[in-house]
Amino acid sequence: MGTSSAHGEKEKIKRQTMLKQRNRNVLAILTFELTIGPATFEWIPIWLRHVHTAIWVPILLYVGIGVVLIWLLTEVTFRDNRLDTRLLTAFDGVFHRRWLRWVVHGTLLITSVVYGSMVLRISMNLIKYIALPSTPMISIACLAMLIPVQLFRGGLDSVLRYEITLFWPTTVIGVLMLLLCFEVSDMSNLLPLWPVSWSDIIDLLPQWIYLCWGVLLLTMYLPIFRSAGADKRSVLWMAILGFLGAVLLQTLNVFVVLADFGAYEGASLNWPVFEAIRIQHYGRWTVLFLLPVLTAVSSAINLSTYAAYRLVAYYLRSRTALATIGLCSVVVLLSLRPPSMRTVLSAYVAVIDAATVFLGALLTVIALTMAFRGRVS
Amino acid sequence: MPRQRFMRSTHLLLNKVQTAYDVVIRAIPGSEMDLVYVSSIVDVTRLEERLLRPLLERPPKANHHLLSWARKTIQIGEVDFTESHDEAVKKLLDGHAILCVRGGYVIANVQGAQRRVPEEPAAEMSLRGPRDGFTESLDTNISLIRTRLRDAQVVFRTFEFGTRTKTKVLLIYIEDLANPNIVKEAVQRLQAVQLDGLLESGNLEQWIEDNPWSPYPQIQSTERPDKTVSALLEGRLAILVDGSPFALLIPSVMISFFQTSDDYSQRWIPGSVIRTVRSFALVLSIFSPSLYIAFTMYNPELIPANLLIQLAATREGIPLPIVFEAMFMEFMVELVREAGNRMPQQMGQSFTVVGGLVLGDIAVRAGIVSPMMVVVVGLTALGAFAIPNYEAAFVTRMIRFPMLMVTSLFGVVGTLWFTLIVFAHLSSLKSFGVPYLTPFAQAAYPDWLDTFWRAPAQRSILRPATYWSLNSWARRRRMARRRR
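As they're listed, the protein sequences go chains A and B. Sequential numbering from 545 applies to the first sequence in my numbering. Sequential numbering from 28 applies to the second sequence in my numbering.
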């Protein structure tokens, strides 16, 4: 008894004194990184093609959907007062039948791996376009995967430390470089703000779904913050803060593209943000803009692959190096397999969209059930 | 002096000591008692005045209780009695005088080995801070700490390492500031050390660090007592090794290797400016050769046209590819530096300067390297010199070589990915449980006020939570929240 009480006292002191890795600020940054994804903004041309300068309207709707998703996720994560540290996903506390959990875990595992592969492939294409046209893709992919291989050995805390340390310097550099793009901008390109046709906005619906996957990945991370002692209120507000920060940066990118190129020219470019950077200062800064973008790419790969790794490690009952190497190999193979970006954007995005719709619907049903039973506060 | 006249206990003691070159044995007339000591490590004046004279004047009588007689007669504070031969030998070799009596040994502390006086540390000069540094004497080092830290809560825990050297090691911390979990971890690691001989704190450092495979130092070493006391006040622990002028500070985080005492002696604006300059120096030192290669080989569009033409002109006729040119020059710099370190101090500095200048000039004239490469490598070397900690500067210099190779294959992308890989490695590093990238990695914003810059003194009165101190702002905030 004496030993256990002494141990308990030491644990208490440890909890009180150590700087918590899983704290509210970290959650806000994590949500930001999950939402922003690889920060390549390959979706901007498609959005512009559909809604032109009225892009603000879908962005506002996307903000609404994102906030609702975060709220639902928080409600589901904090559904029970009992603290169960074994919860892998936000849904685990709800589904008592094992097969239901397997379905959710399977969906999350497949989609996380596919998302990681897609991000890797997009970044490889970007790197080839910007800097290394003749370098073999496999070498870039292997170089990129050295980061998760190192990080996963140290567990989630290592991944979080990596994300958080790089967040501020890269965000500041990225935002400064974006602000420099207004040097040759034309603000009249932003008009008209009001949509000409609302049906275009509705046509854009699948694209919103694609952007929501980042937020849904919080399914894997919110229970971790709950088990670290975070309270529901601060989790909700910090996640929303992080999400809004990311949307603000996404909006800044859209703003830059519109102000520099206008809706029609912007819609015809593959990498409009990079082109906006390229037209400043005789194209000198494009390569340097890779710093924030590659950091975001590596964050997106880490966070999605780690989500998959957590699931794999749970079923393998251990954190094995084999699981890390296996997962990283699958991500590399899936990123190299498609012959073109078009295939990636059609096949992989379809998988991600389907998973997002499935999990989003599941979340809504659970939340509605909880509301009917009076469990939503 | 014939041996057979000594006490039996004296013979038993001397049998355990192999060498007798500096072992002095003296029989005390009028008593059944011998005095034994090692002349090279005792304070002879003290021994004669405080021990020998009283002994000769008032030898013990048959009815005297030995220890109480010794404590009354010998004018030395630390007097003890033991029956153990091993204990007596240990104390004898530690600079104590041994009085061999019937049935045991009276031990008196007359330690007084030759030690140098405290001087300004050569590797950690200060413009405005104190000028004294640690010496090889543990007692002197403790006194340097004690005179600065008059706190009853200071704990000195003693360890002994080396089955043969029996080196004394002190673990120092402030009881109500240091985290008990870190103290426990430090004690466990120290107890697990198994060494034949411990001569230097650097050797101990390698035994107790978290990750021996990492090139990054995980324990900070310092020669400065003021820095050590400052670390103790932050809730850190210090380890002093007898015979070493370096204290080890644990736990250590990355930013602690780039801070100096001078940053705190000066006002916050110059302190912050100097830290910023140092940060630029670090970036310059790590990235300048790699980025030069990346820009010239892969992305010449990043260089202004006029400068590019100049660069092309200076590289005309250079037979080596630019990567080998950089490697060659970096290697030369390291060679000159290492040679300078190994030469006598007076010659070393001039050799380094002259060697660097002459070699650089000759290499340019011979057409092996371009003048621009000499400038880049010079900047790199200067940047590394501005890093205050030797181990951190060394890693910074070494990390350039793999980065050069990756850059030569992948250009700027290679430099960026390599940087991210290094960050991934740093993210998984810990020092006694404290993450290496603290406080950045936890977004602990109050602690950022004392990192790459310094807030005004009034703003940084909070004790940092970086080292998990019992009295940190984080704990006080948590406890206040709980009380509410």
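Beta carbons: idealized from backbone N, C-alpha and C, even for Gly.
Exercise. Per DSSP, what kind of secondary structure is P736 of chain A in: helix, strand or coil?
Worked result: Along the first sequence, read from residue 1 onward, the residue named residue 736 of chain A stands at position 192. If DSSP states are grouped into helix, strand and coil, P736 of chain A belongs with coil.
Problem set entry | Helix, strand or coil at Q26 of chain B according to DSSP, with G and I counted as helix | Nothing about residue 26 of chain B can be read from this structure; chain B reaches only from 28 to 511.
Problem set entry | Contacts of Y706 of chain A in chain B (Cβ-Cβ under 9 Å) | Locating residue 706 of chain A in the first sequence gives position 162, counting from the first residue. Within 9 Å Cβ-Cβ: L447, F450, A451, L453, S454, S455, L464, A468.
For this session: Can you tell me which of B:D70, B:G122, B:V133, B:L120 puts its alpha carbon nearest to the alpha carbon of T100 of chain B?
Result: By one-based count along the second sequence, residue 100 of chain B stands at place 73. Nearest of B:D70, B:G122, B:V133, B:L120 to T100 of chain B, Cα basis: B:V133.
For this session: Can you tell me which of A:V856, A:L847, A:L903 puts its alpha carbon nearest to the alpha carbon of S661 of chain A?
Result: The residue you call residue 661 of chain A lines up with position 117 of the first sequence. When C-alpha distances from S661 of chain A are compared across A:V856, A:L847, A:L903, the shortest belongs to A:L847.
Exercise. Counting only beta-carbon atoms, is R881 of chain A nearer than 7 Å to chain B?
Worked result: Position 337 of the first sequence, counted from the first residue, corresponds to residue 881 of chain A. Judged by the 7 Å Cβ criterion, R881 of chain A is not in contact with chain B.
For this session: Could you tell me if F188 of chain B is buried or exposed, where buried requires 16 or more neighbouring beta carbons within 10 angstroms of its beta carbon?
Result: Counting from 1 along the second sequence, the entry for residue 188 of chain B is found at position 161. By the neighbour-count definition (other C-beta atoms within 10 Å, threshold 16), F188 of chain B is a buried residue.
For this session: Would you grab the beta carbon distance between C509 of chain A and L613 of chain A for me? Rounded to a whole angstrom, and I think it's under 8 Å.
Result: With chain A covering only 545 through 921, there is no way to say anything about residue 509 of chain A.
Exercise. Can you find a CB in chain B that lies within less than 7 Å of the CB of S890 of chain A?
Worked result: Within the first sequence, residue 890 of chain A is the residue found at index 346, counting from 1. At a cut-off of 7 Å, the C-beta of S890 of chain A has no neighbouring C-beta in chain B.
Exercise. Just to confirm, are A135 of chain B and I103 of chain B a CB contact at a threshold of 7 Å?
Worked result: The sequence position of residue 135 of chain B within the second sequence is 108, counting from 1. The sequence position of residue 103 of chain B within the second sequence is 76, counting from 1. Yes. Within cutoff.
Exercise. From this set, B:S153, B:Q286, B:L453, which residue's C-alpha is nearest L476 of chain B's C-alpha?
Worked result: Counting from one through the second sequence, the residue named residue 476 of chain B turns up at place 449. Nearest option by C-alpha distance: B:Q286.
For this session: Name, please, each residue of chain B whose Cβ falls closer than 7 Å to the Cβ of T839 of chain A.
Result: For the purposes of this step, residue 839 of chain A is taken as the residue at position 295 of the first sequence. Residues of chain B with a Cβ closer than 7 Å to the Cβ of T839 of chain A are, in chain order, L447.
Problem set entry | Which of helix, strand or coil DSSP assigns to V901 of chain A | Start at 1 with the first residue of the first sequence, and residue 901 of chain A comes out as number 357. In the structure shown, V901 of chain A falls within a helical segment according to DSSP collapsed to helix, strand and coil.
Exercise. Is there at least one Cβ from chain B nearer than 7 Å to Q824 of chain A's Cβ?
Worked result: In the first sequence, the residue the question calls residue 824 of chain A occupies position 280. No, because no Cβ of chain B sits closer than 7 Å to the Cβ of Q824 of chain A.
For this session: Tell me whether P462 of chain B sits in a helix, a strand or coil according to DSSP, three-state version.
Result: Along the second sequence, one-based indexing puts residue 462 of chain B at 435. Strand.
Exercise. Roughly how many angstroms lie between the CA atoms of S702 of chain A and T849 of chain A, to the nearest whole one?
Worked result: Here residue 702 of chain A is taken as the residue at index 158 of the first sequence, counted from 1. Here residue 849 of chain A is taken as the residue at index 305 of the first sequence, counted from 1. Spanning the two alpha carbons is a distance of roughly 14 Å.
For this session: Anything in the stretch 35-62 of chain B with a Cβ closer than 9 Å to a Cβ of chain A? List those residues in chain order, please.
Result: Close to chain A, meaning a Cβ-Cβ distance shorter than 9 Å, is no residue of the stretch 35-62 of chain B at all.
Exercise. For W240 of chain B and chain A, any beta-carbon pair shorter than 7 Å?
Worked result: Position 213 of the second sequence, counted from the first residue, corresponds to residue 240 of chain B. Answer no: the Cβ-Cβ gap between W240 of chain B and chain A never drops below 7 Å.
Problem set entry | C-alpha distance - V893 of chain A paired with Q751 of chain A, whole-angstrom precision | Within the first sequence, residue 893 of chain A is the residue found at index 349, counting from 1. Within the first sequence, residue 751 of chain A is the residue found at index 207, counting from 1. Straight-line spacing of the CA atoms in V893 of chain A and Q751 of chain A works out to 9 Å.
Exercise. Of all Cβ atoms in chain A, is any one closer than 7 Å to the Cβ of W475 of chain B?
Worked result: On the second sequence, residue 475 of chain B is found 448 positions in, with the first residue counted as 1. No, its Cβ sits nowhere closer than 7 Å to a Cβ of chain A.
Problem set entry | Pairwise C-alpha distance: T72 of chain B and V139 of chain B | Counted from its first residue, the second sequence places residue 139 of chain B at position 112. Counted from its first residue, the second sequence places residue 72 of chain B at position 45. Residue 139 of chain B is actually Gly in this sequence, not Val. When rounded, the distance between both Cα atoms is 10 Å.
For this session: Have a look at B:L384, B:A321, B:L225, B:I414 and flag the residue whose alpha-carbon is nearest the alpha-carbon of G405 of chain B.
Result: Position 378 of the second sequence, counting from 1, holds the residue named residue 405 of chain B. Selected option, being the one with the closest Cα: B:L384.
For this session: Determine which residues share a DSSP beta bridge with H123 of chain B and list them.
Result: Locating residue 123 of chain B in the second sequence gives position 96, where the first residue counts as 1. Beta-bridge analysis with DSSP links H123 of chain B to B:N136.
For this session: Can you pull the chain A residues whose beta carbon is under 9 Å from the beta carbon of Y325 of chain B, in chain order?
Result: In the second sequence, residue 325 of chain B corresponds to position 298, counting from 1. Going along chain A in sequence order, the residues near Y325 of chain B (Cβ under 9 Å) are A675, L676, V831.
Problem set entry | Span separating the alpha-carbon of L796 of chain A from that of L631 of chain A | Along the first sequence, one-based indexing puts residue 796 of chain A at 252. Along the first sequence, one-based indexing puts residue 631 of chain A at 87. CA-to-CA, the gap between L796 of chain A and L631 of chain A works out to about 37 Å.
For this session: Give the range of the beta strand (DSSP E) segment to which F421 of chain B is assigned.
Result: To locate residue 421 of chain B, count along the second sequence from 1; it is residue 394. Boundaries around F421 of chain B are those of the alpha helix (DSSP H), 417-454, since no beta strand (DSSP E) includes it.
For this session: Establish whether the CB of S842 of chain A and some CB of chain B are separated by less than 7 Å.
Result: For the purposes of this step, residue 842 of chain A is identified with residue 298 of the first sequence, where counting begins at 1. For S842 of chain A, at least one C-beta of chain B is nearer than 7 Å to its own C-beta.
Exercise. Going by the CB atoms, is the gap between Q247 of chain B and L276 of chain B shorter than 7 Å?
Worked result: Locating residue 276 of chain B in the second sequence gives position 249, counting from the first residue. Locating residue 247 of chain B in the second sequence gives position 220, counting from the first residue. Contact: yes.
For this session: List the residues that DSSP assigns as beta-bridge partners of A685 of chain A.
Result: Looking up residue 685 of chain A in the first sequence gives position 141. None; A685 of chain A has no bridge partner.
Exercise. Do three or more CB pairs link the stretch 146-163 of chain B to the stretch 234-243 of chain B at distances below 8 Å?
Worked result: Judged by Cβ distances under 8 Å, the stretch 146-163 of chain B makes no contact with the stretch 234-243 of chain B, as fewer than three pairs qualify.
For this session: Quick one: using the 10 Å Cβ neighbour count with 16 as the cut-off for buried, is E352 of chain B buried or exposed?
Result: Within the second sequence, numbered from 1, the residue matching residue 352 of chain B stands at position 325. By the C-beta density criterion, E352 of chain B is buried, having at least 16 other C-beta atoms within 10 angstroms.
Exercise. Between R777 of chain A and T621 of chain A, is the Cβ-Cβ spacing less than 7 Å?
Worked result: Walking along the first sequence from the start, residue 777 of chain A turns up at place 233. Walking along the first sequence from the start, residue 621 of chain A turns up at place 77. Not in contact: R777 of chain A and T621 of chain A (Cβ atoms no closer than 7 Å).
Problem set entry | Element boundaries [beta strand (DSSP E), containing F108 of chain B] | Start at 1 with the first residue of the second sequence, and residue 108 of chain B comes out as number 81. Start and end: 106-109.
Exercise. Any C-beta of chain B sitting closer than 7 Å to the C-beta of M545 of chain A?
Worked result: As a first step, residue 545 of chain A must be located in the first sequence, where it is residue number 1. Because M545 of chain A carries a pLDDT of 45, less than 50, the predicted location of this residue cannot be relied on, and no value is offered for it.
Problem set entry | Close beta carbons around M60 of chain B, own chain, < 8 Å, minus the five adjacent residues each side | For the purposes of this step, residue 60 of chain B is identified with residue 33 of the second sequence, where counting begins at 1. M34, A54, L82, P86, P87, L126, C127, V128, listed in sequence order.
Exercise. I think P278 of chain B touches F459 of chain B, with their Cβ atoms under 8 Å apart; what is that distance to the nearest whole Å?
Worked result: On the second sequence, position 251 is the one that residue 278 of chain B refers to. On the second sequence, position 432 is the one that residue 459 of chain B refers to. With a Cβ gap of about 4 Å, P278 of chain B and F459 of chain B count as contacting.
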